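Residue numbers (our numbering): 1 to 179.
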């Protein structure tokens, strides 16, 4: 008498089909998300236009994000930095009155991070600023954004491509920075 696995395979066929369709669905969903929704654009507690500040008035990134020069984190400007100008500029604007309220109450503005890397990633802004990297190379054309959007996913491949290009163009290898 012969033993056949056909009855068992018939039972497993619907399970296999469901698993296969589910897997294909996950792949399609992942790539559709990356293709159609690449940017993350959180709504900030106070609307802030980089187009006006960094674009129209050409305020350098490092004027407001001063920590980027000397710290791994670029940080966000303090309310004091904002009020340095806005104590006399656009004081009648409702948005500036909200900034002034935070200043008067001695409380920070609770900005929401747009470019938030996983906790296991160490990205030292200070080393990249010292190496002459422009902020736009990672953050995109922020000076054209009314609301900052993460233009591309921050992935290791992006970092490796940039570092490889530096090695090819300038003869800089990993050990130049990583001693």
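We put the beta carbon where it would ideally sit given N, CA and C, even for glycine. Predicted model, so just to flag it, every value in this text is computed and none were measured.
>> Quick check on the DSSP output: the alpha helix (DSSP H) that includes residue 82 runs from which residue to which?
In response: Within the chain shown, numbered from 1, the residue matching residue 82 stands at position 82. Unbroken alpha helix (DSSP H) run through residue 82: 79-86.
> Roughly how many angstroms lie between the CA atoms of residue 107 and residue 100, to the nearest whole one?
Replying inline: By one-based count along the chain shown, residue 107 stands at place 107. By one-based count along the chain shown, residue 100 stands at place 100. Each residue's Cα considered, the two are about 10 Å apart.
>> Under DSSP, the alpha helix (DSSP H) around residue 100 begins and ends at which residues?
In response: On the chain shown, position 100 is the one that residue 100 refers to. Start and end: 94-104.
> Closest by CA to residue 141, which one among 60, 5, 29 and 12?
Replying inline: If you number the chain shown from 1, residue 141 lands on position 141. When only C-alpha atoms are compared, the closest one is 60.
> Near residue 71, which residues of its chain fall below 7 Å by C-beta distance, leaving aside the five closest residues on each side in sequence?
Replying inline: Numbered from its first residue, the chain shown carries residue 71 at position 71. If we look at residue 71 and ignore the five residues flanking it on each side, its Cβ neighbours are 125 and 126.
>> Alpha carbons only, please: which of 27, 25, 3 and 69 is nearest the one belonging to residue 131?
In response: As a working mapping, residue 131 is identified with position 131 in the chain shown. Of 27, 25, 3 and 69, the residue nearest in Cα terms is 69.
> From this set, 98, 156 and 164, which residue's C-alpha is nearest residue 118's C-alpha?
Replying inline: In the chain shown, counting from the first residue as 1, residue 118 sits at position 118. Looking at the Cα atoms, 156 is the closest of the given residues.
> residue 47: buried (16+ other C-beta within 10 angstroms of its C-beta) or exposed?
Replying inline: Residue numbering aside, residue 47 sits at position 47 when the chain shown is read from its first letter. Result: exposed.
> Can you name the start and end residues of the alpha helix (DSSP H) that residue 63 belongs to?
Replying inline: Stepping through the chain shown from its first residue, residue 63 is reached at position 63. Where residue 63 is concerned, the enclosing alpha helix (DSSP H) stretches over 61-64.
> Do residue 169 and residue 50 have their C-beta atoms closer together than 8 Å?
Replying inline: Translated into positions along the chain shown, residue 169 becomes position 169. Translated into positions along the chain shown, residue 50 becomes position 50. Not in contact: residue 169 and residue 50 (Cβ atoms no closer than 8 Å).
>> With a threshold of 7 Å on Cβ separation, who are the neighbours of residue 42 within its own chain once the five nearest residues in sequence on each side are excluded?
In response: Your numbering for residue 42 matches position 42 in the chain shown. Around residue 42: 112 and 114.
>> Within a Cβ cutoff of 7 Å, which residues of the same chain sit near residue 73, ignoring the five residues on either side of it in sequence?
In response: Locating residue 73 in the chain shown gives position 73, where the first residue counts as 1. If we look at residue 73 and ignore the five residues flanking it on each side, its Cβ neighbours are 67 and 125.
>> So the candidates are 77, 159, 28 and 30; which of them puts its Cα closest to the Cα of residue 122?
In response: Translated into the one-based positions of the chain shown, residue 122 becomes position 122. For the residues 77, 159, 28 and 30, the minimum Cα distance to residue 122 belongs to 159.
> If we ignore side chains and look at the alpha-carbon of each, how far apart do residue 17 and residue 29 end up?
Replying inline: Within the chain shown, the letter at position 17 stands for residue 17. Within the chain shown, the letter at position 29 stands for residue 29. So the alpha carbons of these two residues sit roughly 18 Å apart.
> Quick one, which of 95, 136, 93 and 83 has its alpha-carbon nearest residue 54's?
Replying inline: As a first step, residue 54 is located in the chain shown; it is residue number 54 there, counting from the start. If we check each option's Cα against that of residue 54, 136 comes out closest.
> From residue 81 to residue 150, what does the alpha carbon distance come to, in whole angstroms?
Replying inline: Start at 1 with the first residue of the chain shown, and residue 81 comes out as number 81. Start at 1 with the first residue of the chain shown, and residue 150 comes out as number 150. Straight-line Cα distance between these residues: approximately 24 Å.
>> For residue 165 and residue 12, what's the separation of their Cα atoms in angstroms?
In response: Residue 165 sits at position 165 when you count from the first residue of the chain shown. Residue 12 sits at position 12 when you count from the first residue of the chain shown. Cα to Cα, the separation comes out at about 50 Å.
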